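K.L.:
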Amino acid sequence: MEDTSYTADRIQVLEGLQAVRKRPSMYIGSTDARGLHHLVYEVVDNSIDEAMGGFCSHIDVIVNTDGSVTTIDDGRGIPTGIIEKYGKPAVEVVMTTLHAGGKFDRKSYKVSGGLHGVGLSVVNSLSKWLETHVRREGKEWMIRFERGVVTSPLHVIAEACGTGTTQTFMPDPEIFPDTNFDDETLAHRLRDLAFLNKNVIITFKDARTGRDEKYHYEGGINEFVLSLNKNKAMLHEKPIYILAEREGMVIELSMQYTDAFNESIFTYVNNINTIEGGTHLVGLRSALTRTMNDYAHKSGLLKQNDEPLSGEDVREGLTAILSIKVPEPQFEGQTKTKLGNSEVRGIVESTINEKLAEFLEENPKVAEACVRRCILASQAREAARKARDLTRRKGYLEGTALPGKLADCSEKDPAKCEIYLVEGNSAGGSAKMGRDREFQAILPLRGKVLNVEKARLDKILKNQEIRNLITALGAGIGQEFNLANARYHRVVIMTDADVDGAHIRTLLLTLFFRYMRPLIDNGYIFIAQPPLYRVAKGNKELYVYTEKERSDAMVELGKGAGIQRYKGLGEMNPKQLWETTMDPEKRVMKQVSIEDAVRADELFTVLMGDEVQPRKEFIVSHAKEVENLDI
Ligand code: 0RA
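Numbering of the sequence shown is given in my numbering, commencing with residue 27 and proceeding in unit increments.
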């Protein structure tokens with residue numbers, strides 16, 4: 027009897043694994059870079075769950091030289107005892123059974139419904155190999171799998187002190203076209219997790235590069251807000267902090283006003299960055315508008331007949347982190363990062379209404395500074411609206427008169443058209459000559475594009491470069507943006523491979539992120555990847571895009587091969603530019619994801635702060651990050 031149930035269960039496990047390997051996207055969303063990195067997030071989330079339960083204080087994440095990833099935690103360790111129903115050790119069940127539920131349910135806030143929380147068995151199925159080590163009861167156990175199938179059953183390998191779980195896995199190249207982990211992507215997520223879980227110490231090592239970092243923020247999301255604002259002038263010293271538990275939900279908010287013009291509100295549900303927003307964000311926004319207006323009137327700062335503060339007014343210059351924990355979140359949207367639970371809206375709204383009003387009552391000085399800031403924004407916005415109406419009447423934004431610098435394409439179907447935004451006039455000239463004028467348009471951008479961080483919409487609209495860009499794209503800007511009017515379905519940013527190029531790229535991404543967001547959401551934005559070197563010998567030549575390709579090319583062409591390093595686009599003649607960077611048959615382009623844009627936006631916020639010295643320091647210490655924004 028024992029045997030038959032074991033066999034039946036085995037078949038079920040194999041069927042489960044097969045389902046995951048056959049349709050990986052059903053479980054992890056996609057098999058591109060996003061899906062690949064989800065494997066790490068899933069494994070780390072399990073350790074974070076232990077930490078949220080108070081059982082784990084350290085999590086180490088290592089990218090090994092062979093490209094595999096190891097996570098180590100000091101939690102209780104996945105149980106090793108035999109589960110009778112399965113006739114197998116619990117750890118094997120956890121690692122091989124889809125949604126191993128029942129008594130293995132970790133009793134914390136689950137993240138099901140999204141791409142996280144799919145379970146360790148999914149990671150296991152999609153790994154070429156995976157090894158789990160468990161330290162418990164004085165022993166270290168090990169079990170090994172290949173593509174989800176046990177190849178080395180659980181056994182003791184050593185004595186051990188303490189408890190914990192170590193997972194090492196190699197993503198399966200049969201599943202993922204590119205198995206290369208990006209250190210920035212991982213570091214960003216791990217840092218977020220450390221801010222959101224203030225009791226955990228997370229370390230990140232990348233053995234491929236020697237990168238070695240530690241994230242531990244005892245101030246939690248308050249420290250998160252302060253770090254986002256570190257280069258800005260803050261209106262009050264300490265962020266406003268709210269923590270409340272309501273109807274099984276935990277609501278945590280930290281917010282601080284600055285003199286910046288944009289809002290930076292980041293929201294998380296069960297530690298997941300809800301980039302697409304959702305009901306919790308709607309609740310927060312209503313609460314902010316309502317509470318700030320109430321206080322403005324009550325305190326007499328706003329008179330009965332004054333225009334009420336709009337949502338935009340109360341969010342201008344606001345940096346906030348909202349982190350909530352929901353028992354059964356429903357994630358929706360293109361990237362499953364939009365919270366759908368309708369009940370959350372009201373709970374968040376009423377909780378923040380109540381707690382924020384309380385804070386303002388108790389801290390009249392801070393309250394007055396914040397409300398005055400909102401009133402100023404309101405007045406400025408009214409002036410901006412008038413300026414914008416004027417602009418619109420003058421027809422600046424109508425797509426009728428295309429900018430003189432634009433070399434448009436002859437094709438009229440936007441779905442077939444692309445526009446290259448090219449840094450500098452000389453590279454712009456080469457691009458104009460080298461392009462396929464049938465479907466490729468070129469818009470050269472002069473120098474640094476306007477710093478959108480420090481400008482309100484009215485000022486942004488006065489900038490000639492930005493206006494050229496808006497007119498060329500034809501879809502408007504801000505609230506009036508309409509994707510259906512876009513004149514091109516591919517917008518390619520083409521800049522030099524240096525710090526200035528990275529800077530312009532960050533500016534453009536930030537502009538798109540803040541004012542033309544659907545372009546990013548719909549995958550219209552790309553980054554051209556010009557070659558780093560040309561390796562040539564005799565009449566043979568190779569263009570290479572990475573250092574590794576360069577050494578491979580040197581080997582291929584043999585002794586005496588010459589190397590030319592391309593410092594800028596301007597060093598390529600039109601034919602070379604076409605062949606290496608613009609020819610759809612040969613070019614390498616990176617499609618910009620929403621995560622790329624979020625990262626650019628965050629980096630931009632820091633880069634563009636008012637104070638020069640910290641910015642310089644930041645650029646020096648993050649030179650690599652700036653350079654690699656697009657990788
Ligand atoms: C199930 C039950 C228990 C712990 C865990 C799972 C667990 C899972 C992971 C995954 C990574 N690190 C982990 N740490 C723990 C409870 C065990 C007990 O009651 O002792």
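Glycine included, each C-beta is placed from N, C-alpha and C at the ideal position. Here the structure is a predicted model, which is why all the values come from computation and not from measurement.
Looking at the secondary structure, which residues open and close the beta strand (DSSP E) in which Ser-280 lies?
P.N.:
Segment 275-283, the beta strand (DSSP E) holding Ser-280.
K.L.:
Run the proximity test for Asn-225: is its beta-carbon closer than 6 Å to any non-hydrogen atom belonging to the ligand 0RA?
P.N.:
Not so, every heavy atom of the ligand 0RA lies at least 6 Å from the Cβ.
K.L.:
For Pro-440, write down the residues that DSSP places opposite it in a beta bridge.
P.N.:
DSSP lists no partner for Pro-440.
K.L.:
Is any heavy atom in the ligand 0RA found nearer than 6 Å to the beta carbon of Arg-161?
P.N.:
Checking the Cβ of Arg-161 against the ligand 0RA gives no.
K.L.:
So Leu-348 is in the beta strand (DSSP E); what residue range does that whole segment cover?
P.N.:
Counting along the chain, the beta strand (DSSP E) containing Leu-348 begins and ends at 344-351.
K.L.:
Does the stretch 344-363 come close enough to the stretch 283-297 to have 3 or more Cβ pairs within less than 8 Å?
P.N.:
Output reads yes: the stretch 283-297 touches the stretch 344-363.
K.L.:
In terms of DSSP beta bridges, what is Asp-86 paired with?
P.N.:
Paired residue(s): Ile-98 and Thr-229.
K.L.:
For Leu-499 versus Leu-469, is the C-beta spacing smaller than 7 Å?
P.N.:
No, the pair does not count as a contact, with Cβ atoms beyond the cut-off.
K.L.:
When DSSP builds the beta bridges, which residues end up paired with Trp-167?
P.N.:
Answer is Val-160 and Val-182.
K.L.:
Roughly how many whole angstroms lie between the Cα atoms of His-648 and Val-581?
P.N.:
The predicted model places His-648 with a pLDDT of 47, which falls under 50 and marks its position as unreliable; any figure quoted below should be read in that light. His-648 and Val-581: Cα-Cα distance of roughly 33 Å.
K.L.:
May I ask you to check if the CB of Gly-101 is nearer than 6 Å to at least one heavy atom of the ligand 0RA?
P.N.:
Yes, the Cβ of Gly-101 comes within 6 Å of a heavy atom of the ligand 0RA.
K.L.:
Leu-24 to Gly-309, Cα distance in whole Å?
P.N.:
Because the chain spans 27 through 657 in this model, residue 24 falls outside it and cannot be assessed.
K.L.:
What residue from Ile-201, Leu-495, Lys-488 and Arg-411 has the CA that sits closest to Ala-467's CA?
P.N.:
It is Leu-495 whose Cα lies nearest to the Cα of Ala-467.
K.L.:
Tell me whether Pro-115 sits in a helix, a strand or coil according to DSSP, three-state version.
P.N.:
Three-state result, Pro-115: strand.
K.L.:
What is the rounded straight-line gap between the Cα of Glu-41 and the Cα of Pro-199?
P.N.:
Cα to Cα, Glu-41 sits roughly 21 Å from Pro-199.
K.L.:
For a test of your reading of the model: does the CB of Ser-83 fall under 6 Å from any non-hydrogen atom of the ligand 0RA? Yes or no.
P.N.:
Result no, Cβ not under 6 Å from the ligand 0RA.
K.L.:
Flag Thr-191 as yes when its Cβ comes closer than 6 Å to any non-hydrogen atom of the ligand 0RA, and as no otherwise.
P.N.:
Checking every heavy atom of the ligand 0RA against the Cβ of Thr-191, one is found closer than 6 Å.
K.L.:
Per DSSP, which one or two residues make a beta bridge with Leu-152?
P.N.:
Partner(s): none; Leu-152 has no beta bridge.
K.L.:
Which ranges would you report for the alpha helix (DSSP H) in the stretch 306-349 if only whole runs of at least 4 residues count?
P.N.:
Segments of the alpha helix (DSSP H) lying fully in the stretch 306-349: 337-341.
K.L.:
Express the C-alpha separation of Arg-173 and Asn-150 in angstroms, rounding to a whole number.
P.N.:
Roughly 6 Å between the two C-alpha positions.
K.L.:
Report the three-state DSSP secondary structure of Met-542 (helix, strand or coil).
P.N.:
Correct three-state label for Met-542: coil.
K.L.:
Roughly how many whole angstroms lie between the Cα atoms of Ser-619 and Lys-231?
P.N.:
Cα to Cα, the separation comes out at about 25 Å.
K.L.:
Specify the secondary structure class of Lys-601 as computed by DSSP and reduced to three states.
P.N.:
Helix.
K.L.:
In chain order, what residues of the same chain have a beta carbon less than 6 Å from the beta carbon of His-63, not counting five sequence neighbours either side?
P.N.:
Cβ within range, chain order: Thr-211.
K.L.:
Would you kindly report the start and end of the unbroken alpha helix (DSSP H) that includes Ile-659?
P.N.:
There is simply no residue 659 to check, as the chain begins at 27 and stops at 657 in what is shown.
K.L.:
Give me, in chain order, the residues of the same chain whose beta-carbon lies closer than 8 Å to that of Lys-133; leave out the 5 immediate sequence neighbours on both sides.
P.N.:
With a pLDDT of 48 at Lys-133, under the threshold of 50, the modelled position of that residue is not reliable, and no figure is offered here.
K.L.:
Can you name the start and end residues of the alpha helix (DSSP H) that Arg-237 belongs to?
P.N.:
First-last for Arg-237: 237-241, but that is the beta strand (DSSP E), not the alpha helix (DSSP H).
K.L.:
Looking only at DSSP bridge pairs, what is Leu-469 linked to?
P.N.:
Leu-469 pairs with Leu-447.
K.L.:
Buried or exposed, going by whether 16 or more other CB atoms sit within 10 Å of the CB of Glu-388?
P.N.:
Exposed, by the Cβ-count rule.
K.L.:
For the beta strand (DSSP E) containing Ser-24, name the first residue and the last one.
P.N.:
Outside the displayed span of the chain (27 to 657) sits residue 24, for which this structure offers no information.
K.L.:
Determine the extent of the alpha helix (DSSP H) in which Glu-428 is found, giving its start and end residues.
P.N.:
At residue 428 the sequence reads Leu, which differs from the Glu that was named. Here Leu-428 belongs to no alpha helix (DSSP H), and DSSP marks it neither H nor E.
K.L.:
Return yes when at least one heavy atom of the ligand 0RA lies under 6 Å from the C-beta of Glu-278, else no.
P.N.:
No, the ligand 0RA has no heavy atom inside 6 Å of this Cβ.
K.L.:
Cutting at 6 Å between CB atoms, please list the residues of its own chain near Ile-645, excluding the five before and the five after it.
P.N.:
Model confidence at Ile-645 stands at a pLDDT of 47, short of 50, so the residue's coordinates are unreliable; what they give is reported in the following sentence. There are no such residues.
K.L.:
How many whole angstroms separate the CB atoms of Ile-227 and Leu-219, which I take to be in contact at a CB cut-off of 8 Å?
P.N.:
Wrong, their Cβ atoms sit about 11 Å apart, outside the cutoff.
K.L.:
Consult DSSP for Val-176 and reduce its assignment to one of helix, strand or coil.
P.N.:
If DSSP states are grouped into helix, strand and coil, Val-176 belongs with the strands.
K.L.:
Note down the Cα distance separating Gln-38 from Tyr-559, rounded to an integer number of angstroms.
P.N.:
Taking the straight line joining both Cα atoms gives about 52 Å.
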